[in-house]
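In the numbering used here, the protein residues as written are 5 to 601.
Report on one structure; see the data block that follows.
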C-alpha cells in the first residue's frame, strides 16, 4: 500500500484555543481535581480553580511586564507543575512559548533565544539563570524570571493591578491559526530549526488522538498520569495538553532517576508515558534482581510465557496450558513488575524510537499494554498510533484520524494533516525543502504500509548505509534490537562503502556492575573492554540482533567503546537520539581498526 488517509473524528470550533478548557473547567467544575503536586513527599490535589488562578496570576504579570500578542517567551525547566502554569499563562496573553531543555548548553541557549527573538525567559533555578546570562548579549531579551526560590510568586505579585477582563480580552483575541509554540529540533546535524506549531496544530492532534486510537486510555474512570519526560520534548508536551483536554489528573516528576519508582508507587498512575529505554531498564532490572536472588530460570520462563501469551492473543487466543502457566507467573513475577510502576497502570504510551517486538509482547503479556506511536516535532508529535483494541506489535499503528500517510517512491514516509507545522521559523528555504509540491511533509523516515494501513518504520533516509556491494542497510532495526539487551547502553551500526556491517557498542554502567558481581570480575570498563567474557556477553546481544536482519545486513564485527553516549558528552541529542555524524567522526580510528584487522 502506498497511501492511507483517515477522516477526522473531531472538528475544531472556528474559535478554538488551547486555553479554553482551563477557563471552562474553572467555571463549571471549580473543585474538581486537575493536577497533583508533590510536596514533602505527599501528593496534594490542585483543583481546576486553583490552576486557573495560578495561570491568570502569571498571565497578569506578563501583561504588566509588557509582553504583547505574538511575543516569544522562553521556558527552561525540568518537568514540574509550574511549567504547565507558565505554558498556559503565556498562551492566555497570546504569547508563544519557546521550550529549552534544562540541560542545554550556553551556545544552544544563545541560538534558541536569539533566533526566536524571545523577549523574556522563565528559568527553573539560579544555575539556569547563570547559563542564560553567560549565553551573551541577546538583543531582544528583556527579562529573565526565576521559578524557584519564590521567583514565580514574586512575579505573579507584580501583576495584581491588571484586571481579569484584560486577560480575557487578550486570550479570546487569538485564532486557532495563531502561533502557540516554537519547538527547536534537537539537531542531530546542523543548527536546530524552530518548528512553528499553532493552536490548531496541537488541538487537532490531541482531539483526534484522545477521541481516536487512545480513547480507551483517556476514558478510564479515575484516570491519571505521572509525567516525567522533559516537557521541552514535543512528545511529553502533547500528553500534557491531552491530560488537560481529557480531564485526566496529571502529576509532574523531574527525572527518570532512581526516585521515580517511589514516585510511581505513591502516585499510582493509570497509564504511563515513556521512551523505549525506560521500558528496557524496567525489564533489565527485573531480570537482574531475579538472577541475584537465584531465580533467573524462573524469570526467563515467566518472560517466555508472557511473550507466548501475547503472541497467542493475535492468533486465536492462548490454550489452556498457556493460560495456567500465565496465571501462575502473574502471581509470582508479573505482579511485582507491575508494582514497580505503581500497580494501577494498564496501558503505556511509547514513542521516540522503536520499542522492539519482544519487549512489546512481554509487557502486554504481563498486563501492561504498550501503545506504540510515531511522530515528529514537525507533526505536533503523534501522526500514527496503535490502539489497545487493535494493536499490531512491531508497527506504530495507523495514521491518526484526520491525517494521511503516503510512502514515496524511495520509501520515504510523507505526512499530511492539520497537525503538521506551518513551517520553520525564519527559514523559508528549509520549509520549502520539507514539503512536496502538493504539500505533503517529508519526514526523512523510511517505512511501509501494510494492507490495513498499519505503518512500520524501517529506518532514516539520511542514515541508510550502502555497503561496498551495493546493499542498502537501515541501521535502526538491528541497533534497536541490540540495544535492548541488559549489558548494552547504545549501539551504532557502521559500514558505508565497506565490505560488511560492523557496530560501535557502549556498555550500560549499572548493568556492568551487576555483570561483574555475577562473573567475579573487578576493575573499570577501560580494563574490561577486551575481557573475553564481556565480549562474549556483547556477542550474544549482537547474535540476537542479527536474527532480525538478512545476512548482508548483519553485524560481523563490533568494538566496545570506553565511554557511553550521553547528552553531557555531546553524543546524544536532548531527545536521546545518537548524533551519528559526531560519533563516527570522533571514533573514526576505532572504525578503521575494525576494517583493517
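Just so it is clear, CB atoms sit at the ideal spot from N, CA and C, and this is done for glycine as well.
In this text, all values refer to a predicted model and were calculated from it rather than measured experimentally.
Inset, instruction - Please confirm whether residue 354 and residue 283 have their CB atoms less than 8 Å apart. - result: Reading the chain shown from its first residue, position 350 is the one you call residue 354. Reading the chain shown from its first residue, position 279 is the one you call residue 283. Judged by beta-carbon spacing, residue 283 lies within the 8 Å limit of residue 354, meaning their Cβ atoms are closer than that value.
Inset, instruction - Quick one: which unbroken alpha helix (DSSP H) runs of 4-plus residues sit fully inside the region 339-402? Chain order, please. - result: Counting only unbroken stretches of 4 or more residues, the alpha helix (DSSP H) elements lying wholly within the region 339-402 are 339-343, 361-370, in sequence order.
Legend entry - Local conformation of residue 576 per DSSP, three classes: Start at 1 with the first residue of the chain shown, and residue 576 comes out as number 572. If DSSP states are grouped into helix, strand and coil, residue 576 belongs with the strands.
Inset, instruction - Would you identify the three-state DSSP class for residue 119, choosing helix, strand or coil? - result: In the chain shown, the residue the question calls residue 119 occupies position 115. DSSP places residue 119 in helix when its eight states are reduced to three.
Legend entry - Counterpart residues of residue 198 in DSSP-defined beta bridges: Counting from 1 along the chain shown, the entry for residue 198 is found at position 194. Answer by DSSP bridge pairing, in chain order: 188.
Inset, instruction - For residue 472, collect the residues of the same chain with a Cβ closer than 7 Å to its Cβ; drop the 5 residues on either side in sequence, then sort them by chain order. - result: One-based indexing of the chain shown puts residue 472 at position 468. By the criterion of a C-beta distance shorter than 7 Å, residue 472 is surrounded in its chain by 501, 502, 503, once the five residues flanking it on both sides are discounted.
Inset, instruction - Have a look at the DSSP bridge pairing and note the partners of residue 464. - result: Translated into the one-based positions of the chain shown, residue 464 becomes position 460. Answer is 449.
Legend entry - Nearest residue (CA-CA) to residue 565, options 509, 542, 341, 158: In the chain shown, the residue the question calls residue 565 occupies position 561. Among 509, 542, 341, 158, the Cα nearest to that of residue 565 is on 509.
Inset, instruction - Give the straight-line distance between the Cα atoms of residue 38 and residue 534, rounded to the nearest whole angstrom. - result: Translated into positions along the chain shown, residue 38 becomes position 34. Translated into positions along the chain shown, residue 534 becomes position 530. C-alpha separation (whole angstroms): 54 Å.
Inset, instruction - Kindly indicate which three-state DSSP category residue 519 falls into: helix, strand or coil? - result: Here residue 519 corresponds to residue number 515 of the chain shown, with the count starting at 1. Here residue 519 sits in helix by DSSP.
Inset, instruction - Determine the closest residue to residue 140 out of 59, 130, 149, 110, with distance taken between C-alpha atoms. - result: Position 136 of the chain shown, counted from the first residue, corresponds to residue 140. With distances taken between Cα atoms, residue 140 lies closest to 110.
Legend entry - In DSSP terms, what residue 51 is bridged to: Here residue 51 corresponds to residue number 47 of the chain shown, with the count starting at 1. 37.
Inset, instruction - Would you list the one or two residues that DSSP bridges to residue 495? - result: In the chain shown, residue 495 corresponds to position 491, counting from 1. Looking at the DSSP assignment, residue 495 forms a beta bridge with 509.
Inset, instruction - Could you spell out the range, first to last residue, of the beta strand (DSSP E) harbouring residue 224? - result: Against the chain shown, residue 224 aligns to sequence position 220. For residue 224, no beta strand (DSSP E) encloses it, and the DSSP letter there is neither H nor E.
Legend entry - Cβ contact (3+ pairs, closer than 8 Å) linking the region 260-274 and the region 299-318: No: the two stretches stay apart, fewer than three of their Cβ pairs being nearer than 8 Å.
Inset, instruction - Determine whether the Cβ of residue 573 lies closer than 8 Å to any Cβ atom of chain B. - result: You won't find chain B in this structure, because it holds only one protein chain.
Inset, instruction - May I have the straight-line CA-CA distance separating residue 18 from residue 179, to the nearest angstrom? - result: Locating residue 18 in the chain shown gives position 14, where the first residue counts as 1. Locating residue 179 in the chain shown gives position 175, where the first residue counts as 1. Looking at the two C-alpha atoms, the distance is approximately 8 Å.
Legend entry - Sequence-distant residues of its chain with Cβ nearer than 7 Å to residue 575 (five each side left out): Your numbering for residue 575 matches position 571 in the chain shown. Excluding sequence positions up to five before and after residue 575, its CB lies within less than 7 Å of the CB of 569, 582, 583, 586, 587, all in the same chain and listed in chain order.
Inset, instruction - Taking the CB atoms as reference points, tell me whether residue 331 and residue 322 lie closer together than 8 Å. - result: Here the question's residue 331 lines up with position 327 in the chain shown. Here the question's residue 322 lines up with position 318 in the chain shown. Inclusion of residue 331 and residue 322 in the CB contact set at 8 Å is not warranted, their separation being larger than that value.
Inset, instruction - Pull up the DSSP beta-bridge partners for residue 149, would you. - result: In the chain shown, the residue the question calls residue 149 occupies position 145. Paired residue(s): 126.
Legend entry - Bridge partners - residue 421, DSSP secondary structure assignment: Numbered from 1 along the chain shown, position 417 holds the residue referred to as residue 421. 407, per the DSSP bridge assignment.
Inset, instruction - Would you be able to state if there are at least three C-beta pairs under 8 Å between the region 102-121 and the region 205-216? - result: The answer is no - the region 102-121 does not touch the region 205-216, with fewer than three Cβ pairs under 8 Å.
Legend entry - Own chain partners of residue 499 with C-beta closer than 7 Å, once the 5 adjacent residues on each side are dropped: Residue numbering aside, residue 499 sits at position 495 when the chain shown is read from its first letter. Here residue 499 has 469, 471, 477, 505, 506 as same chain residues with Cβ atoms under 7 Å from its own Cβ, once five neighbours each way along the sequence are excluded.
Inset, instruction - Check whether the Cβ of residue 11 sits closer than 7 Å to any heavy atom of the ligand NAD, and report yes or no. - result: Looking at this structure, you won't find the ligand NAD or any other ligand, since it has none at all.
Inset, instruction - For the beta strand (DSSP E) containing residue 563, list its first residue and its last residue. - result: Locating residue 563 in the chain shown gives position 559, where the first residue counts as 1. The continuous beta strand (DSSP E) containing residue 563 extends over residues 559-564.
Legend entry - Cβ neighbour criterion (16 or more within 10 Å) applied to residue 91: For the purposes of this step, residue 91 is taken as the residue at position 87 of the chain shown. When all chains shown are included, residue 91 counts as buried.
Legend entry - Nearest residue (CA-CA) to residue 596, options 573, 562, 148, 572: Here the question's residue 596 lines up with position 592 in the chain shown. From the listed residues 573, 562, 148, 572, the smallest Cα separation to residue 596 is found for 562.
Inset, instruction - Quick one: measure Cβ to Cβ for residue 558 and residue 384, integer angstroms, because I've assumed they're closer than 8 Å. - result: The residue labelled residue 558 in the question sits at position 554 within the chain shown. The residue labelled residue 384 in the question sits at position 380 within the chain shown. No, residue 558 and residue 384 are not in contact; Cβ-Cβ is about 37 Å, not under 8 Å.
Legend entry - Assigned secondary structure, residue 439 (DSSP; H/G/I helix, E/B strand, else coil): The residue you call residue 439 lines up with position 435 of the chain shown. Of the three classes helix, strand and coil, the one that applies to residue 439 here is strand, per DSSP.
Legend entry - Inter-residue spacing [alpha-carbon to alpha-carbon] between residue 188 and residue 325: Looking up residue 188 in the chain shown gives position 184. Looking up residue 325 in the chain shown gives position 321. For residue 188 and residue 325, the distance between alpha carbons rounds to 52 Å.
Inset, instruction - Return the CA-CA distance between residue 552 and residue 243, expressed in angstroms with no decimal places. - result: Within the chain shown, residue 552 is the residue found at index 548, counting from 1. Within the chain shown, residue 243 is the residue found at index 239, counting from 1. About 32 Å.
Inset, instruction - Indicate whether residue 427 and residue 200 have their beta-carbon atoms separated by less than 8 Å. - result: Indexing the chain shown from 1 puts residue 427 at position 423. Indexing the chain shown from 1 puts residue 200 at position 196. In this structure, residue 200 lies closer than 8 Å to residue 427 by Cβ.
Inset, instruction - From the DSSP output, in three-state form, read off residue 592 for me. - result: As a first step, residue 592 must be located in the chain shown, where it is residue number 588. DSSP, reduced to helix, strand and coil, places residue 592 within a helical segment of the structure shown.
Inset, instruction - Compare the beta carbon distance of residue 459 and residue 440 with 8 Å and say whether it is the shorter of the two. - result: As a position in the chain shown, residue 459 is number 455, starting the count at 1. As a position in the chain shown, residue 440 is number 436, starting the count at 1. Contact: no.
Legend entry - Residue of 170, 127, 231, 120 minimising C-alpha distance to residue 184: For this step, residue 184 is matched to residue 180 along the chain shown. That would be 120, whose Cα lies nearest to the Cα of residue 184.
Legend entry - Whole-angstrom distance between residue 71 and residue 136, CA atom to CA atom: On the chain shown, position 132 is the one that residue 136 refers to. On the chain shown, position 67 is the one that residue 71 refers to. Cα to Cα, residue 136 sits roughly 19 Å from residue 71.
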